[in-house]
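Residue numbers for the sequence shown follow this note's numbering, so the first one is 19 and each next one is one higher.
Note that the Cβ used here is the ideal one computed from N, Cα and C, for glycine as well.
From a predicted model like this one, the values you see are computed outputs, not experimental measurements.
The structure under discussion appears below in the form of structure tokens.
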Amino acid sequence: MGHLIAAGPRHSLGLREDGTVLATGTGATGEGRVDGWTDVVEVAAGNVHTASNTGRSHSVGLRSDGTVVAAGWNNDGQCDVGGWREVTAVAAGWRRTLGLRADGTVVAVGRRAEGACEVSSWREIVALACGDWHSVGLRADGIATAVGNDRRGQCAVGGWGDLVAVAAGYLHTVGMTSAGRVLAVGDRSAGACGVESWRDVVAVAAGSYHTVAVTADGRASAVGGNDAGQCDVADWREIVAVAAGSRHTLGLRADGTVVAAGSTEHGQCDVAGWPPIRMPGLRISRPRRRPPDRRTRGSRRPG
């Protein structure tokens with residue numbers, strides 16, 4: 019199952035069961051222009067930390083036929099995904115987009131200055147994540163790899179193993195193990211890497227300065243920067259997925275409704291009126307105690 023919700027710096031996306039996409043928040047560069055998208059099975063939002071010179075973003079959608087659509091800021095060509103084929107997953111960072119192909123290789127478009135698009139050598143990848151300036155790939159054997167800016171150690175994931183999911187923030191990277199534990203590397207100044215005590219985690223997300231998790235009982239936890247209340251998720255229940263933006267957090271409930279916490283300065287938390295997001299097979303499940311057989315996952319398209 020791909021990402022059904024996504025959070026950017028100033029906007030939020032939600033995927034409906036009919037394959038159309040919902041958007042709320044500021045769309046100054048067109049990142050909210052998703053009305054014409056159809057047959058979408060996964061969404062991603064290009065995120066960037068909040069600063070005086072940031073805020074422009076883009077949105078990405080993976081279609082059921084393995085093609086990709088994108089809208090929004092395209093200054094570095096991050097929306098030039100029209101030629102992609104046989105894609106099974108997408109991820110979006112600041113000024114770039116990654117696509118996971120059915121054969122486990124990865125394609126990238128956008129800004130190359132920091133090296134975050136240098137993914138052509140990756141093989142047997144089953145999942146992707148994008149931070150502001152770095153990209154993370156999860157291999158079929160549960161090992162993570164990362165490229166791009168590493169000034170705070172956010173790419174130091176080489177020693178990780180037994181992973182089933184990865185997430186990336188501004189200057190930190192998070193990995194979830196098959197046992198439901200969470201690992202983190204990178205900048206610790208805001209507390210976003212303080213995940214050592216988490217247990218029974220089934221999903222993770224990383225915002226600019228915060229990290230969010232869903233536990234097997236449907237509860238949410240968050241650590242890190244909380245200047246806008248983006249970590250105030252302790253009272254959420256029946257959560258099956260989360261997404262983290264620059265200063266806000268989204269939670270998808272089992273009934274298809276979406277909850278939000280944090281900054282809504284640009285309307286990015288105005289999700290209460292969204293129609294239910296429902297996808298076949300969506301459920302809360304406990305993490306596996308042994309690594310699952312992931313070697314064939316890269317060859318299957320999400321449905």
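Under the rule that a run must span 3 or more residues, the beta strand (DSSP E) segments found entirely inside the stretch 86 to 151 read 86 to 90, 105 to 111, 114 to 119, 124 to 128, 143 to 148. If you look at residue 30, you'll find it in the beta strand (DSSP E) that goes 29 to 33.
Secondary structure at residue 269: strand, using DSSP grouped into helix, strand and coil.
Taking the CA atoms as reference points, residue 153 sits about 6 Å from residue 166. Here residue 175 is not bridged, per DSSP, to any residue. The three-state reading of DSSP puts residue 81 in strand, counting E and B together. A Cβ-Cβ separation of about 6 Å places residue 116 in contact with residue 148 under the 8 Å criterion.
The three-state secondary structure of residue 189, taken from DSSP, is coil. The way I'd put it, the stretch 172 to 182 doesn't touch the stretch 89 to 101; fewer than three beta-carbon pairs between them come closer than 8 Å. Rounded to whole angstroms, the Cβ separation of residue 286 and residue 28 is 6 Å, and the two are in contact under 8 Å. When DSSP reads this structure, residue 239 sits in a beta bridge with 231.
Three or more Cβ pairs closer than 8 Å define a contact, and the stretch 46 to 61 meets that threshold against the stretch 76 to 84. For residue 136, the number of other beta carbons within 10 angstroms of its own is below 16, and it is reported as exposed.
Setting aside the 5 residues that flank it on each side, residue 205 is surrounded in the same chain by 170, 189, 190, each with a C-beta closer than 6 Å to its C-beta; the list follows chain order. About 5 Å separates the beta carbons of residue 32 and residue 295, which is inside the 8 Å limit, making them a contact pair. Secondary structure of residue 155 (DSSP, three-state): strand. For the options 265, 242, 235, 69, the alpha carbon positioned closest to that of residue 253 is the one of 235. Taking residue 130 as reference, the option from 141, 186, 143, 150 with the minimal CA-CA separation is 150. Just so you know, the alpha carbons of residue 38 and residue 157 end up roughly 30 Å apart.
In the DSSP assignment, residue 22 falls outside any beta strand (DSSP E) and carries neither an H nor an E.
Sorting 282, 145, 273 by C-alpha distance to the C-alpha of residue 263 places 282 at the top. Per the coordinates, the alpha-carbon of residue 84 lies some 13 Å from the alpha-carbon of residue 122.
Under the three-state reduction of DSSP output, residue 37 falls in the coil class, being neither helix nor strand. In the structure shown, residue 76 falls within a strand segment according to DSSP collapsed to helix, strand and coil.
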